[in-house]
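Q: Provided herewith is a single structure, encoded as structure tokens, for subsequent inquiry.
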Amino acid sequence: MLSPKAEKLINDYFNLPFKGLSNIRCPYFNNARRRGRGQLRALIGKGTPTEIVEEAKILSIQYHYDFFDFDGRCKLCGESKDANEITAQVRKFLIDNDLGIDCSGFAAHVLRAYFRETRNIDIFSRAFSWPVGTWIRRIIAKLRPAENLSVRVLANNKFSELISDGRKPFDYAQLKPGDILTMLETGPQNKRNHILIVEGIDAGKISYIHARAWSVEGQYGHGVSHGEIEILTPERSLLDQTWEELGKLNDTNETYLEAKNAKVFEVRRIKL
Amino acid sequence: MSCNPFSPQLLDQALLYLICSAVGAFVLAPILTKILYKYKVTRRADYDFTLQGERAQKVGTPIMGGLLVIIVVTVITLLFNWERTYTYVPIGAMGISALLGAADDLMNIFGRHRRRRRSIAQTWTLVKVHHNIFWRIYYFLSLPWAAFRELTGMLGSHPGKGIQVHEKLILQFLAGAVVAWWIYFKLGSHWQTINLPFDGEIMLGWWIIPIIIFLVMFTANAVNIADGLDGLAGGSLLITFFGLTAVSWTDGRAAFTLLNATVVGALIAYTYFNIKPARFQMGDVGSLGLGTLLAVNAIAINKTLLIPLFGFIFYIEAISVIIQVISRRFFGKRFFKMAPLHHHFEFRGWNEEKIVMRFWLVHLFFVIIGVWLSLH
């Protein structure tokens with residue numbers, strides 16, 4: 000398991016801290032299509048759970064959606080509706096208003112919380128030295144670290160060290176919570192990058208967390224998610240193990256397919 | 000026109016102006032309300048997040064109530080306090096800003112949606128791809144204008160139907176320039192100094208021109224920003240102009256004492272009708288006009304440095320917007336739950352009356368400090 004504060008943060012993404020509401024899983028949102036610039040980070044898929052909740056409240060009041068009042072309480076709860084229906088409505092509201100988190104934003108906040116607690120190091124404080132390009136980009140990264148800690152930066156040798164190529168077998172026992180599985184140039188057009196965070200290793204199972212949108216989940220089903228890789232054949236590569244997420248195994252598991260299709264699939268550890 | 004400081008005759012005259020102005024405004028208010036209702040110059044729910052729950056009843060409240068103050072002050076000054084040296088430029092600058100505000104108010108209600116601004120990126124693309132070389136040159140030359148529009152657009156909230164931010168700033172710049180011209184060229188070198196409390200005066204020379212333009216523009220917009228809750232801008236302006244009347248009187252500046260007293264009288268009537276539940280709201284016509292008048296009068300009575308105290312709550316509200324924009328654009332986070340500051344407190348659960356009354360008291364305190372500093 001990751002540290003208590005990191006786990007609390009993960010739990011907040013899985014149960015967004017709305018007053019009087021539970022089980023609202025943070026949806027996935029990627030700014031690549033919308034291309035919002037100079038926006039609030041909660042609106043470009045890089046916000047913390049608290050920021051996403053606060054923004055939902057503000058948008059609801061500002062645009063008369065009537066979901067929340069000024070105290071942040073959900074107005075739907077008093078309408079004797081089914082809890083699942085309320086959850087679905089609130090999630091639809093979040094998704095329709097571009098509120099959610101993308102994979103690198105989720106990883107950035109979780110890893111920051113983890114290393115702040117375990118190593119007393121704030122990874123955001125080193126943003127100026129991240130491999131993001133010109134010095135102007137580095138200044139921007141310093142100002143807006145969560146938005147600039149992309150999968151490419153996380154997978155860069157200056158930021159993290161390579162443990163193993165994901166397509167080759169390695170000693171799975173050396174994996175630790177906080178390690179990352181990076182996938183570069185994946186997806187249907189090989190334009191996407193993705194990242195998973197290793198949450199724990201227990202009894203031959205690697206559990207991971209990430210933010211993703213599977214095609215089978217449609218417009219409103221996506222969000223942060225847990226998954227497991229069961230190591231049944233330690234002498235073989237990660238892609239030869241059993242990947243399970245939402246009850247889907249290997250070739251029906253889109254996370255596995257993303258890893259399999261990625262041009263670069265690596266297991267890495269953040270350099271501190 | 001000047002007379003002895005603390006002159007009882009001047010005080011007597013100022014009180015008479017105040018009373019007449021208040022009576023005039025009280026008489027005019029019902030007529031104005033009727034006219035505003037008749038022509039449906041009323042508040043709409045579009046883009047107005049504050050019109051929720053209990054506050055939904057504000058939909059349909061007339062706006063442009065600030066006309067009451069503008070009309071009464073202009074008429075009384077024209078008839079009884081018209082001096083080419085002292086009062087015609089403050090009234091003129093107020094008039095220009097009020098006209099700008101009126102145009103904005105009316106366009107917001109009756110206008111069509113404005114066409115989307117062409118961004119710098121779109122303009123640059125046209126420079127590269129347009130088939131006609133002359134259009135390419137035109138688009139290239141218009142790049143600075145596109146940059147100005149985009150930059151100023153960041154300061155605005157919703158590009159609605161009214162006058163857009165960059166247009167507003169240009170017109171306000173003109174109003175500020177008129178005032179700067181008047182003070183620099185017409186009033187003489189004595190007016191190119193700034194009074195430093197406890198420390199005499201410093202000569203600014205031509206630097207006074209950009210300072211005046213900036214202060215007029217900033218103050219007008221600051222009052223405009225603060226006009227978001229029933230009674231907030233009206234009550235605060237009442238306190239401000241009361242302070243300015245007191246300072247003008249203690250300095251023996253007769254024309255400004257009478258002008259400020261006239262504004263106080265009109266604002267008493269305005270605020271009476273504007274406190275919750277408001278019979279009408281100020282609108283840009285009043286907030287921009289009175290904001291300009293505030294700045295001009297304070298500069299003209301040589302209290303330029305004390306404007307942030309006399310307009311304390313307006314400046315705080317405007318600064319809260321600037322902080323919010325910087326925080327949003329540079330750091331991607333909200334500094335306040337919402338800007339301007341009164342909306343932040345609304346999101347914190349304060350009710351409207353609590354916010355307005357506390358803001359009045361805080362403002363009063365700082366105006367008192369301003370008056371005290373003026374005496375030194």
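Sequences listed follow chains W and L, in order. Residue numbers for the first sequence follow numbering that gives the first Met the number 0, beginning at 0 and rising by one. Residue numbers for the second sequence follow numbering that gives the first Met the number 0, beginning at 0 and rising by one. Quick reminder that beta carbons are idealized off the backbone N, C-alpha and C, glycines included. All values reported here derive from a predicted model rather than from experimental measurement.
1. Do Ala212/W and Tyr64/W have their CB atoms nearer than 7 Å?
2. What is the rounded straight-line gap between the Cα of Ala28/L and the Cα of Ile70/L?
3. Per DSSP, what are the beta-bridge partners of Asp164/W in this structure?
4. In this structure, what does DSSP give as the bridge partners for Ser59/W?
5. What's the C-alpha gap between Arg32/W and Leu66/L?
6. Note down, in chain order, each residue of its chain lying with its Cβ closer than 7 Å to the Cβ of Asp283/L, except the 5 sequence neighbours on either side.
7. Just the C-alpha distance for Met182/W and Ala258/W, rounded to the nearest angstrom, thanks.
8. Taking the beta carbon of Ala268/L as the centre, do at least 16 other beta carbons fall within 10 Å, making it buried, or is it exposed?
9. At a cut of 8 Å, does the stretch 321-340 of chain L reach the stretch 269-279 of chain L through at least three beta carbon pairs?
10. To the nearest angstrom, how far is the alpha carbon of Leu266/L from that of Leu372/L?
11. Answer yes if the stretch 89-98 of chain L comes into contact with the stretch 165-179 of chain L, meaning at least three C-beta pairs across the two stretches below 8 Å, and no otherwise.
12. For a contact meaning CB atoms closer than 8 Å, what does Ile23/W contact in chain L?
13. Mind checking if Leu8/W is an interface residue toward chain L, Cβ cutoff 7 Å exclusive?
14. Do Gly203/W and Pro176/W count as a contact pair if the criterion is CB distance below 7 Å?
15. Cα-Cα, which of Ile60/W, Arg136/W, Phe114/W and Lys141/W is closest to Ser124/W?
16. Please list, in chain order, all residues of the same chain as Trp242/W whose beta carbon is under 6 Å from its beta carbon, the five residues on each side excluded.
17. Go through the stretch 141-229 of chain W residue by residue and report every complete run of the alpha helix (DSSP H) that reaches 4 residues or more, in order.
18. For Lys160/L, name the three-state secondary structure that DSSP assigns.
19. Just by C-beta distance, which residues in the stretch 306-335 of chain L are closer than 7 Å to chain W?
20. At a Cβ threshold of 7 Å, is Glu69/W touching chain L?
21. With a cut-off of 7 Å, does the C-beta of Leu39/W fall near any C-beta of chain L?
22. How many Å lie between Asn29/W and Leu75/W at the Cα?
23. What are the residues of the stretch 127-152 of chain W that lie near chain L, defined by any Cβ-Cβ distance shorter than 8 Å?
24. Can you list, in chain order, the residues of its chain whose CB lies under 7 Å from that of Phe240/L, leaving out five sequence neighbours each side?
25. My guess is that Gly369/L and Phe309/L are in contact by the Cβ rule of under 8 Å, so how many angstroms apart are they, rounded?
26. Taking the C-alpha atoms as reference points, what is the distance between Asn220/L and His165/L?
27. Return the first residue and the last residue of the beta strand (DSSP E) that Asn194/L is part of.
28. Over the uninterrupted alpha helix (DSSP H) stretch that includes Trp349/L, give me the two end residues.
29. Provide the residue span of the alpha helix (DSSP H) that contains Trp123/L, from first to last.
30. What's the call for Met202/L, buried or exposed, on a 16-neighbour Cβ count within 10 Å?
31. Just how far apart, CA to CA, sit Tyr12/W and Leu374/L?
32. What runs of the alpha helix (DSSP H), each 4 residues or longer, lie entirely inside the stretch 68-113 of chain L?
33. Would Leu168/L pass as a contact of Thr151/L if the rule is Cβ separation under 7 Å?
34. Counting along the chain, where does the alpha helix (DSSP H) carrying Glu234/W start and finish?
35. Along chain A, which residues have their Cβ under 9 Å away from the Cβ of Phe147/L?
36. Okay, do the stretch 5-14 of chain L and the stretch 22-36 of chain L touch, 3+ Cβ pairs below 8 Å being the bar?
A: Quick look at the numbers:
1. no
2. 11 Å
3. Glu265/W
4. Paired residue(s): none; Ser59/W is not in a bridge.
5. 47 Å
6. Gly100, Asp103, Asp104 and Asn223
7. 6 Å
8. buried
9. no
10. 24 Å
11. yes
12. Going along chain L, no residue has its Cβ under 8 Å from Ile23/W, so there is no contact; the nearest lies around 20 Å.
13. no
14. no
15. Lys141/W
16. Ile228, Asn249, Asn252 and Tyr255
17. 144-147 and 150-153
18. coil
19. Arg327, Arg328, Phe329, Phe330, Gly331, Lys332 and Arg333
20. Position check: residue 69/W holds Phe in this sequence, whereas Glu was assumed. So, interface residue.
21. yes
22. 28 Å
23. Leu142, Arg143, Ala145 and Glu146
24. Asn259, Val262, Val263 and Leu266
25. 5 Å
26. 13 Å
27. Thr192 to Leu195
28. Counting along the chain, Trp349/L falls outside any alpha helix (DSSP H), and DSSP gives it neither H nor E.
29. Ile119 to Val128
30. exposed
31. 59 Å
32. 87-109
33. yes
34. Premise fails: Glu234/W is in no alpha helix (DSSP H) and is neither H nor E.
35. This model lacks chain A altogether, as its protein chains are W and L.
36. no
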